[in-house]
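Novice: Residue numbers (full-length UniProt numbering), protein chains in the order written: chain A, 1 to 295; chain B, 1 to 295.
Every residue gets a Cβ at the ideal spot worked out from N, C-alpha and C, and that includes glycine.
#1: Taking the alpha-carbon positions, what's the residue 83/A to residue 55/B distance?
#2: In chain A, which residues lie less than 9 Å from residue 13/B when you measure between Cβ atoms?
#3: Name the residues in the segment 180-192 of chain A whose C-beta lies less than 8 Å from a C-beta of chain B; which are they?
#4: Would you kindly check if the distance between the Cβ of residue 242/A and the Cβ of residue 283/A is under 8 Å?
#5: If we define contact as Cβ-Cβ less than 8 Å, is residue 233/A a contact residue for chain B?
#6: With residue 175/B and residue 231/A assumed to form a contact (beta carbons below 8 Å), what rounded beta-carbon distance in angstroms separates them?
#7: For residue 217/B, does the three-state DSSP call read helix, strand or coil?
#8: Does any residue of chain A bring its CB to less than 8 Å from the CB of residue 108/B?
#9: Taking contact to mean at least 3 C-beta pairs separated by less than 8 Å, is the segment 117-129 of chain B in contact with the segment 29-49 of chain B?
#10: Nearest CA to the CA of residue 203/B: which residue from 228/B, 287/B, 102/B and 131/B?
#11: Looking at the structure shown, is residue 131/A part of a helix, part of a strand, or coil, going by DSSP?
#12: Exposed or buried, what is residue 225/B when buried is set at 16 or more other beta-carbons lying within 10 Å of its beta-carbon?
#13: Would you verify that the beta carbon of residue 275/B is, or is not, closer than 8 Å to some beta carbon of chain A?
#14: Report back the beta-carbon spacing between residue 290/A and residue 211/A to the nearest angstrom; my notes put them in contact at under 8 Å.
#15: Since residue 254/B meets chain A, which of its residues come closer than 8 Å, beta carbon to beta carbon?
#16: Please identify the residue among 236/B, 259/B, 162/B and 250/B whose C-alpha is closest to the C-alpha of residue 99/B.
#17: Just to confirm the assignment, what range does the alpha helix (DSSP H) spanning residue 23/A have?
#18: Against chain A, does residue 61/B count as a neighbour if the rule is that its beta carbon must be under 8 Å from one of theirs?
#19: Pick helix, strand or coil for residue 268/B, following the three-state DSSP scheme.
#20: Whole angstroms are fine: how far does the CA of residue 64/A sit from the CA of residue 147/A?
#21: What does residue 119/A touch in chain B if you count any residue whose Cβ is under 7 Å from its own?
#22: Tell me which residues share the same chain as residue 57/A and place their Cβ nearer than 6 Å to its Cβ, disregarding the 5 neighbours each side in the sequence.
#23: Would you tell me roughly how many angstroms separate the C-alpha atoms of residue 135/B and residue 144/B, rounded to the nearest one?
#24: Grab me the residues of residue 172/B's own chain with a C-beta within less than 6 Å of its C-beta, minus the 5 sequence neighbours each way, in chain order.
#25: Would DSSP call residue 175/B helix, strand or coil?
#26: Might you give, ordered along the chain, the residues of its own chain that have their beta carbon closer than 6 Å to the beta carbon of residue 13/A, omitting 5 neighbours on each side?
#27: Alpha carbon to alpha carbon, what distance is there between residue 95/B and residue 277/A?
#28: Apart from the five residues just before and just after residue 252/B, which ones in its own chain have a Cβ nearer than 8 Å to its Cβ?
#29: Can you pull the chain B residues whose beta carbon is under 7 Å from the beta carbon of residue 261/A, in chain order?
#30: Quick check: residue 154/B and residue 216/B, are their CB atoms within less than 8 Å of each other?
#31: State the Cα-Cα distance for the pair residue 183/A and residue 165/A, rounded to the nearest angstrom.
#32: Give me the chain B residues within the contact set of residue 178/A, using Cβ-Cβ distance strictly less than 8 Å, ordered along the chain.
#33: Give the residues of chain B in contact with residue 172/A, contact being defined as C-beta atoms less than 8 Å apart.
#34: Assign residue 32/B to one of three DSSP states: helix, strand, or coil.
#35: I need the straight-line Cα distance from residue 61/B to residue 118/B, nearest angstrom please.
#36: Using alpha carbons as the reference points, say which of 167/B, 270/B and 198/B lies closest to residue 112/B.
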């Protein structure tokens, strides 16, 4: 299968403004994202949230793309409607006209440039290997909660293939030059891969690639009334993709008690203290380190 | 004059949540902020903005405290009303019942722990010298736009004396353990100073203190339609309180042009790329390095 139609979604979250400004740049000079072997277009994911300088208007657009939800006429919030429109433009999810969706995000966490892949398979493993060859500083983040693409809620799953470009740390509503450059470079590297893939011209790639697979989220400690009684311990802050061992300091309560990690094996953190996850009291994601093997 | 009544204002900006959680901690154990020689209370500056997880509801509470505005009955936004209520509780500004107001803030800029002083005078110079003795990592930020206290718009000017505790970097809506600790330590150091000042028990202090005085703000480059055409150059990012020389890279336009600093002398940056200042297209504050001299 060739990659004939590519879409880059910018500003899925209204206060992650890096993608919005990259889109403006690419409108001025579309040659930056064009390649000979496919068509490419950009799409402003959530214009109303951008105007409000907020993550979303009613609820998170990047959780609205399960096939059942896209086909449920009773779901009618701003983002539920917006998801249906994006599904018309880039999908439909069951048989998409778009072969590859690249969705641009930033995080307040110290994750550096990260590529998130929502599905398994040879295409993704080759993409990861190519990206790591060209940009060794990129972390590969596997988020494969659901074997069936239809059960995935991420925007990028509306295409046949899809990935998230996720770069941090940058505060919400801030444009950093370094994060802007990393986001553009990673996007271009993914586009280069698709072009080489189409032309059967990929270089020789490593046979195994280090990656991290999402296991679960950890919540902040709360009291019986649901109020937070502590925060992430400073030993964990900014430590994305480093080891968290059983017994390591994890939380600090406001009355001065250290709460240690209670797991039974070493895991790795990601989205550490991400601002947007406070809504759900999430403190950090826990990951396992894995190897992706090329066929 | 003794410091008899002290107020600590927390959460003046609704998405700077460090002060809010410090207030919760101090409610559990008020001995942390109590001293023998004065009364101390805490006040939640902007509860509605905190509930919304936004800087403000209608406009910035920390710009509403000019005496003329406090006494103008036509000003009736949420924050204009809130300022009048705080003026009743801690002021009135013309003859305040509160001797010292400490207003807790955070910034997305890489400023470390900073103490902002809105007025000149022996009290402030001694306070700065004491703080630098106990916490050499603190930067002293002089923001003395107006000689007359009545013309100042900051919350902390509602007391006879007032300072801002300003710590970063931390994204909006995020609680960082290290910033929480620095904010608490700086607040306690200011309270210690007030207690020693009352008891005429200050240690010997240095005769001169390094500080930075606000000169002006620089705006981001925009086109004729008012749209941003560039961002702060990465050489300036995170460089708060370091030198910016004529000819140094300052902005990067989206089409790849570097814009250099056009001033005629070396200045120093502060509030570099602060998220909250995007509303007004502000890129950075420019400061001069000064010496405060103790009498």
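Specialist: To lay it out plainly:
#1: Residue 83/A and residue 55/B have their alpha carbons spaced roughly 29 Å apart.
#2: Neighbours of residue 13/B on chain A: none; closest Cβ ~13 Å, over 9 Å.
#3: Against chain B - using a Cβ distance shorter than 8 Å - the residues of the segment 180-192 of chain A are 180 and 181.
#4: With contacts defined as CB atoms closer than 8 Å, residue 283/A and residue 242/A fail to qualify as a contacting pair.
#5: Look at residue 233/A: its C-beta is under 8 Å from a C-beta on chain B.
#6: Residue 175/B to residue 231/A, Cβ: 5 Å. Contact.
#7: DSSP places residue 217/B in strand when its eight states are reduced to three.
#8: Closer than 8 Å to some Cβ of chain A, the Cβ of residue 108/B qualifies, so yes.
#9: Of all C-beta pairs linking the segment 117-129 of chain B to the segment 29-49 of chain B, fewer than three are shorter than 8 Å, placing the two stretches out of contact.
#10: The closest CA to that of residue 203/B, considering only 228/B, 287/B, 102/B and 131/B, is found on 131/B.
#11: Looking at residue 131/A - three-state DSSP - the assignment turns out to be helix.
#12: It is exposed - the Cβ of residue 225/B has fewer than 16 other Cβ atoms within 10 Å.
#13: Answer yes: the Cβ-Cβ gap between residue 275/B and chain A drops below 8 Å somewhere.
#14: The distance from the Cβ of residue 290/A to that of residue 211/A is about 5 Å, consistent with a contact at the 8 Å cut-off.
#15: Those within 8 Å of residue 254/B in chain A are 21, 24, 25 and 28.
#16: Considering only alpha carbons, the answer is 162/B.
#17: Element bounds for residue 23/A: 18-28.
#18: Not closer than 8 Å to any Cβ of chain A, the Cβ of residue 61/B fails to qualify, so no.
#19: DSSP places residue 268/B in strand when its eight states are reduced to three.
#20: Distance between the alpha carbons of residue 147/A and residue 64/A is about 17 Å.
#21: Among the residues of chain B, none has a CB under 7 Å from the CB of residue 119/A; the nearest is roughly 30 Å distant.
#22: Once the five neighbours on either side are set aside, the close Cβ partners of residue 57/A are 48, 49 and 78.
#23: Distance between the alpha carbons of residue 135/B and residue 144/B: 23 Å.
#24: If we look at residue 172/B and ignore the five residues flanking it on each side, its Cβ neighbours are 15 and 275.
#25: DSSP places residue 175/B in coil when its eight states are reduced to three.
#26: Once the five neighbours on either side are set aside, the close Cβ partners of residue 13/A are 55.
#27: Straight-line Cα distance between these residues: approximately 44 Å.
#28: The answer, listed in chain order, is 230, 231, 232, 233, 234, 258 and 259.
#29: What residue 261/A touches in chain B: nothing, since even the nearest Cβ is about 15 Å away.
#30: No Cβ-Cβ contact shorter than 8 Å links residue 154/B with residue 216/B.
#31: C-alpha separation (whole angstroms): 7 Å.
#32: Here the neighbours are 234 and 237.
#33: Correct list: 171, 172, 173 and 275.
#34: Of the three classes helix, strand and coil, the one that applies to residue 32/B here is helix, per DSSP.
#35: The alpha-carbon separation between residue 61/B and residue 118/B amounts to approximately 16 Å.
#36: Of all alpha-carbon atoms in 167/B, 270/B and 198/B, the one lying nearest the alpha-carbon of residue 112/B is that of 167/B.
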